[in-house]
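Trainee: Under the numbering used here, think of the first position of the sequence shown as 1327, with each following residue one higher.
Don't be surprised by glycine CBs; every beta carbon is placed ideally from N, CA and C.
Sharing a structure, written as structure tokens. Questions coming.
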Amino acid sequence: MRMPEASQNARIAAPSPARNSRTSTSPFFALVSARFAALPRRVAPLFMTRSSQMNCSSLDSLSYCLVVRVGRFQVEIFSDGILRLDGGAMFGIVPKALWDKEKPADDRNRVALDMNCLLIRDGAGNVVVVETGAGPKLTARSQEIFGIDEPPRLLGELARRGVRPDEVTLVVNTHLHFDHAGGNTYRDGEKLVATFPRASYVFQRLEWVDANAPNERTRGSYFAEDYAPLEAAGKLELIDESVEILPGIRLDRIQGHTRGTQTVRVSDAGETLFFSSDFMPDRHHLRLPWIPAFDLFPLETLAAKKAILARAVSEKWIVGFTHDLPRFGRILERDGKLRFEEVAP
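Okay, here's the thing in structure tokens:
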């Protein structure tokens, strides 16, 4: 049986009893449970930082922010692993002489990108995972092309934070490209099954439509095995435009990278956390004209960046990126230039 490697690592309907009752005897979950039992059941305590005015902590005494409090929510960011993509494609029309200073390329002109995920808990039993990384199903050829040389970390990272796969209640994919949705499913013998058996999987209806009818430009980014089995299992929740999927958690469609890309906002107690999706994949893309060649609608990306960055600065949002180092911080404007300032615990 091929399985994820746990040691590395509108309206949302409640899961039905039929969904909740499966997997206690599954070999996959038996393996995960055994490895999970050997790991710590809690994360490090929260350390307060007055200078940043952000409730922030790190794991294992790291010197950067991995966990934030947004009112009643605890939000954690972690990486599923490293992906390597062509630097020219990542930075579009920007000359290599400029972007290579910020993000040096390897001998194949590829830049290293984290595949970041979020874990959101509201203290009321809702456990939300945003993004599932590249997952365990890539062929050896795909792993070589994209420079993925380690097993996926998703389940191991959840386990060290005290979360089992069957405790996740909701999974959000910002879009359905393989490096964001690959961990949605895994192979159980000849079958493809949902990695999170009790969860509903939420993404935009437009993204679902386009992923199921890719064209010559997009088909290399969509792998049906990451999302088609979810429909058969009755686990899809397709939404349109902007929807609060839980009180305080909002998904907003941002056409740019794809038609159905969505961002994530978590808001409570006067604070907002924003997770960018790929329309603005890392801190280097804060510059307005730095837009990836991957984006299908670059002018829409540009317009969205202008609007969202203005709000992020004025409202002092906490920000996390999909393909930067797994950090939280704020976007500051000084002398007419924007920069991302990481927040230390």
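How is A1595 classed by DSSP in three states: helix, strand or coil?
Mentor: For this step, residue 1595 is matched to residue 269 along the sequence shown. Coil, per DSSP.
Trainee: In three-state terms, what does DSSP make of G1407?
Mentor: Looking up residue 1407 in the sequence shown gives position 81. Correct three-state label for G1407: strand.
Trainee: What separation, rounded to the nearest whole angstrom, lies between the Cα atoms of E1668 and A1638?
Mentor: In the sequence shown, the residue the question calls residue 1668 occupies position 342. In the sequence shown, the residue the question calls residue 1638 occupies position 312. Answer to the nearest angstrom: the Cα atoms are 14 Å apart.
Trainee: If you follow the beta strand (DSSP E) that K1663 is in, where does it begin and where does it stop?
Mentor: Counted from its first residue, the sequence shown places residue 1663 at position 337. First-last of the beta strand (DSSP E) with K1663: K1663 to E1668.
Trainee: Identify every residue that forms a DSSP beta bridge with R1656.
Mentor: To locate residue 1656, count along the sequence shown from 1; it is residue 330. DSSP output for R1656 lists I1644 and E1667 as bridge partner(s).
Trainee: So what does I1565 bridge to, in DSSP terms?
Mentor: The residue you call residue 1565 lines up with position 239 of the sequence shown. DSSP output for I1565 lists Q1530 as bridge partner(s).
Trainee: Any idea if R1653 is buried or exposed, counting beta-carbon neighbours within 10 angstroms, 16 or more meaning buried?
Mentor: Here residue 1653 refers to the residue found at position 327 of the sequence shown. So R1653 ends up on the buried side.
Trainee: Could you check the C-alpha separation between S1347 and F1601 for me, to the nearest Å?
Mentor: Position 21 of the sequence shown, counting from 1, holds the residue named residue 1347. Position 275 of the sequence shown, counting from 1, holds the residue named residue 1601. Low confidence applies to S1347: its pLDDT is 32, below 50, so where it sits in the model is not reliable, and the reading given next is rough at best. Cα to Cα, S1347 sits roughly 32 Å from F1601.
Trainee: Taking all protein chains shown into account, decide if I1419 is buried (16 or more other Cβ within 10 angstroms of its Cβ) or exposed.
Mentor: Working through the sequence shown from its first residue, we reach residue 1419 at position 93. Per the 10 Å Cβ criterion, exposed.
Trainee: So A1438 is in the beta strand (DSSP E); what residue range does that whole segment cover?
Mentor: Here the question's residue 1438 lines up with position 112 in the sequence shown. Here the beta strand (DSSP E) through A1438 covers R1436 to R1447.
Trainee: What would DSSP say about D1514, mapped onto helix, strand or coil?
Mentor: Against the sequence shown, residue 1514 aligns to sequence position 188. Looking at D1514 - three-state DSSP - the assignment turns out to be strand.
Trainee: Less than 6 Å between C-beta atoms, sequence neighbours within five positions excluded: which residues of the same chain meet that for L1599?
Mentor: The count along the sequence shown starts at 1 and reaches residue 1599 at position 273. Contacts found: V1396, V1401, V1592 and I1644.
Trainee: Rounded to whole angstroms, what's the CA-CA distance from L1392 to C1382? Just pull it up for me.
Mentor: Along the sequence shown, one-based indexing puts residue 1392 at 66. Along the sequence shown, one-based indexing puts residue 1382 at 56. Straight-line Cα distance between these residues: approximately 7 Å.
Trainee: Please classify R1545 as buried or exposed, where buried requires at least 16 neighbouring CB atoms within 10 angstroms.
Mentor: Locating residue 1545 in the sequence shown gives position 219, counting from the first residue. Label assigned to R1545: exposed.
Trainee: For the segment 1500-1509 against the segment 1456-1468, are there 3 or more C-beta pairs whose distance is under 8 Å?
Mentor: Segments in contact, yes.
Trainee: Quick check on V1456: does DSSP put it in helix, strand or coil?
Mentor: Counting from one through the sequence shown, the residue named residue 1456 turns up at place 130. Correct three-state label for V1456: strand.
Trainee: Give the single residue among T1521, F1666 and F1647 whose Cα lies nearest to the Cα of I1403.
Mentor: As a first step, residue 1403 is located in the sequence shown; it is residue number 77 there, counting from the start. Residue F1647 is the option with its Cα nearest to I1403.
Trainee: What are the residues that DSSP puts in a beta bridge with L1481?
Mentor: Here residue 1481 corresponds to residue number 155 of the sequence shown, with the count starting at 1. None, per the DSSP bridge assignment.
Trainee: For a quick check, are the C-beta atoms of Y1512 and L1562 less than 8 Å apart?
Mentor: Against the sequence shown, residue 1512 aligns to sequence position 186. Against the sequence shown, residue 1562 aligns to sequence position 236. No.
Trainee: So what does DSSP say about L1651, is it helix, strand or coil?
Mentor: The residue given as residue 1651 occupies position 325 in the sequence shown. Coil at L1651, not helix or strand.
Trainee: Could you please give me the residues that DSSP links to E1551 through a beta bridge?
Mentor: Position 225 of the sequence shown, counted from the first residue, corresponds to residue 1551. BP columns for E1551 are empty, so no partner.
Trainee: From E1493 to E1659, what does the alpha carbon distance come to, in whole angstroms?
Mentor: For the purposes of this step, residue 1493 is identified with residue 167 of the sequence shown, where counting begins at 1. For the purposes of this step, residue 1659 is identified with residue 333 of the sequence shown, where counting begins at 1. Spanning the two alpha carbons is a distance of roughly 40 Å.
Trainee: So what does Q1469 bridge to, in DSSP terms?
Mentor: For this step, residue 1469 is matched to residue 143 along the sequence shown. None, per the DSSP bridge assignment.
Trainee: Keeping to the same chain, check which residues put their C-beta closer than 8 Å to that of A1595; ignore five residues upstream and five downstream.
Mentor: Taking the sequence shown and counting its residues from 1, one reaches residue 1595 at position 269. V1396, G1397 and R1398.
Trainee: So R1531 packs on L1564, CB below 8 Å; how close in whole Å?
Mentor: Sequence index remark: in the sequence shown, residue 1531 carries index 205 (1-based). Sequence index remark: in the sequence shown, residue 1564 carries index 238 (1-based). At roughly 4 Å, the Cβ-Cβ gap stays under 8 Å, so R1531 and L1564 are in contact.
Trainee: Please report the Cβ distance between F1529 and G1586, rounded to the nearest whole angstrom; I am assuming they are in contact, meaning their Cβ atoms lie under 8 Å.
Mentor: On the sequence shown, residue 1529 is found 203 positions in, with the first residue counted as 1. On the sequence shown, residue 1586 is found 260 positions in, with the first residue counted as 1. With a Cβ gap of about 7 Å, F1529 and G1586 count as contacting.
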